[in-house]
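Visitor: Chains as they are written, first to last, in the working numbering: chain V, 27 to 165; chain H, -7 to 299. Don't be surprised by glycine CBs; every beta carbon is placed ideally from N, CA and C. A quick note: this is a predicted structure, and the numbers were derived from the prediction, not measured.
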Amino acid sequence: MSARPIRVLIAKPGLDGHDRGAKVVARALRDAGMEVIYTGIRQTPEMIVDAALQEDVDVIGLSILSGAHMDLFPRIVELAKQKGMDDVLFVCGGIIPDEDIPTLKQMGFTGAFGPGASTQELAKFIQAQIAQKRARVQA
Amino acid sequence: MLDSIERVRAGEPRAVARAISAVERGGADARATIGALYRFTGKAFIIGVTGAPGAGKSTLVNALAKFFRRRGARVGILTVDPTSPFTGGALLGDRFRMQDLSGDAGVFIRSMATRGALGGLASATFEAIHVLDAAGFEIVMIETVGAGQSEVDIAKHAHTTIVVEAPGMGDDIQANKAGILEIADVLVVNKADREEANATAAVLEMNLNLKPRIENEWRAPVLKAIALKEQGIAEIVAAAEQHREYLRAHNLLPARERARWRAELENILQKQLLARALNGKPLDAWVEKIAAREMDVYQAADAVMEE
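1) Inspect the CB distances between the segment 46 to 61 of chain H and the segment 78 to 92 of chain H and report whether three or more fall short of 8 Å.
2) Closer than 8 Å, Cβ to Cβ, to anything on chain H: give me those residues from the segment 53 to 65 of chain V, in chain order.
3) Give me, in chain order, the residues of the same chain whose beta-carbon lies closer than 7 Å to that of L244/H; leave out the 5 immediate sequence neighbours on both sides.
4) State the CB to CB distance for the pair H149/H and I121/H, rounded to an integer number of angstroms; the pair is presumed to be in contact (CB under 8 Å).
5) Give me the chain H residues within the contact set of E72/V, using Cβ-Cβ distance strictly less than 9 Å, ordered along the chain.
6) I want to know whether the segment 108 to 123 of chain V touches the segment 88 to 96 of chain V - three or more CB-CB distances under 8 Å.
7) Please check if any C-beta of chain V sits within less than 9 Å of the C-beta of F88/H.
8) Does the beta carbon of Q146/V sit closer than 9 Å to a beta carbon anywhere in chain H?
9) Buried or exposed: G137/V, going by 16 or more other Cβ atoms within 10 Å of its Cβ?
10) Using a Cβ-Cβ cutoff of less than 6 Å, which residues in the same chain neighbour A78/V once the five nearest sequence positions on both sides are dropped?
11) Determine the direct distance from the alpha carbon of A295/H to that of A157/V, and round the result to whole angstroms.
12) Quick check on this structure: which residue in V114/V, Q132/V, H44/V has the alpha carbon closest to the alpha carbon of I74/V?
13) Going by alpha carbons, who is nearest to G18/H out of S103/H, K263/H, L239/H?
14) Rounded to the nearest angstrom, what separates V41/H and Q146/V at their Cα positions?
15) Could you check what DSSP says for V137/H in three-state terms: helix, strand or coil?
16) Under 9 Å, Cβ to Cβ, is there at least one residue of chain H near A77/V?
17) Find the residues of chain V that neighbour P6/H, judging by a C-beta separation of less than 7 Å, and give them in chain order.
18) Using the Cα positions of G134/V and A161/V, report the straight-line distance between them to the nearest angstrom.
19) Which value, in whole angstroms, describes the spacing of the CA atoms of N54/H and F60/H?
20) Between the beta-carbon of F135/H and the beta-carbon of K35/H, is there less than 9 Å?
21) Grouping DSSP H, G and I as helix and E and B as strand, with all else coil, what is K216/H?
22) Would the segment 15 to 30 of chain H and the segment 180 to 191 of chain H be scored as touching if the rule is three or more Cβ pairs under 8 Å?
23) Can you give the beta carbon distance from K159/V to R6/H, rounded, assuming they're within the 8 Å contact cut?
24) Could you give the C-beta distance for T33/H and A11/H, rounded to a whole number, given that I count them as a contact under 8 Å?
25) Identify whether V144/H lies in helix, strand or coil by the three-state DSSP scheme.
26) Below 8 Å on the Cβ atoms is my contact criterion, and I expect T75/H with T106/H to pass it. Report the Cβ-Cβ distance as a whole number of Å.
27) Going by C-alpha to C-alpha distance, which of V156/H, E143/H, V8/H sits closest to L56/H?
28) Under a Cβ-count criterion, where at least 16 other Cβ atoms within 10 Å of its own Cβ denotes burial, should D112/V be classed as buried or exposed?
29) Tell me which residues share the same chain as E197/H and place their Cβ nearer than 8 Å to its Cβ, disregarding the 5 neighbours each side in the sequence.
30) What in chain H is Cβ-close to P31/V, meaning under 9 Å?
31) Do we get a CB-CB distance below 9 Å when we pair F60/H with the residues of chain V?
32) Applying the 10 Å Cβ sphere with the 16-neighbour rule, what's the burial state of S89/V?
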């Protein structure tokens, strides 16, 4: 029985409508062998967590450009925990100021990938993190 | 395990999602899950929605689900998109068109990648239908991959199969070919506000009329709809329900069910026999021999079986 492909939800919380980056990331992760569920723009935290729950994903990737990340991201992490998703990996991208990254890491975001980040690096990062998690579950 | 089965039956999203992951993994997990849930299945009305890429399947499923929700029925949806044969990855984009349903606790949507299965469904779609059925969803809709001409597996699993066409998809020779049009219990010409919609509907009607009439046989109605504007949806639901009634009245459900079990049994046997024949060994050496013209494929297959 081989390991299942890594399942990733890519979502855009908040009100900015620019999803080129999210789509590029979705495509890159697909090409890296992952199953990527793209849910589109203007998603509320509830919509994102419901989708992640139903799709039983390993990773939630959030892209945001509006600057509302410090309001929306904690809400999403909190909701996911409330609904029992305590093993999901959070990554984010878009426009995230450097000074917010330590706080986001504390919240549970393992990685932040802004403009200029390589999609291959992102894929490798996710693969390594999930491999670690899966090894821990088996141990 | 028992605890999680109770939670699946109560329709708890996390438990249902996990159970679908278990049947997708296959092996012992799938066995245990199906083993515990099977006796609770058999209540759902299973509707298949198929058609070419871009015909409007996801949008139609979205509109149908909203219609069923207004009646109070709980709706489970499985949407299938292709896995890349090159990377094993998949972009599952059907949910994107079903955002209206987001936040409704009476709807459960799961995107499935084909993971190598042909025929228009994912390799565990059968089993996932059981999970949703046992979880108490009265309506289970399955959206196939964008189907070409021979992705007809859905007809084996659904009670009623809806084939969606978009205007201008082809001439009457296309319509006369064997395959996807033959499995339609209901035919929908979507995007009916487009110019060629009437012509497409006429070609489909003509194709149906060429079929020899057999007494008491179901004739698929050809319906026009604009899924995006939710027009023509009530008529499609009515037709699907008439079809279900027809199956009941003519006592055809038992035969359909048996065809479904036969297909499912064959599917599982194929997987198990293949696993047994390969026994974890790679086929590379045989492929090399075939490529070097030392053996043909039949000889190689025999050799693998004997090994």
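Guide: Reading from the atomic positions:
1) yes
2) R53, L55, R56, D57, A58, G59, M60, E61, V62, I63, Y64, T65
3) none
4) 6 Å
5) S94, G95
6) yes
7) yes
8) no
9) buried
10) L35, I86
11) 37 Å
12) V114/V
13) K263/H
14) 36 Å
15) coil
16) yes
17) Going by the sequence as given, residue 6/H is Arg instead of Pro. By Cβ distance, chain V contributes L79, K109, G110.
18) 19 Å
19) 10 Å
20) In the sequence as displayed, the identity of residue 135/H is Glu instead of Phe. In this structure, K35/H does not lie closer than 9 Å to E135/H by Cβ.
21) strand
22) no
23) Contact doesn't hold; Cβ gap of about 18 Å is too wide.
24) The Cβ separation is near 12 Å, so there is no contact.
25) coil
26) 5 Å
27) V156/H
28) exposed
29) V214
30) T75, G80, G81, A82, A105, R107
31) no
32) buried
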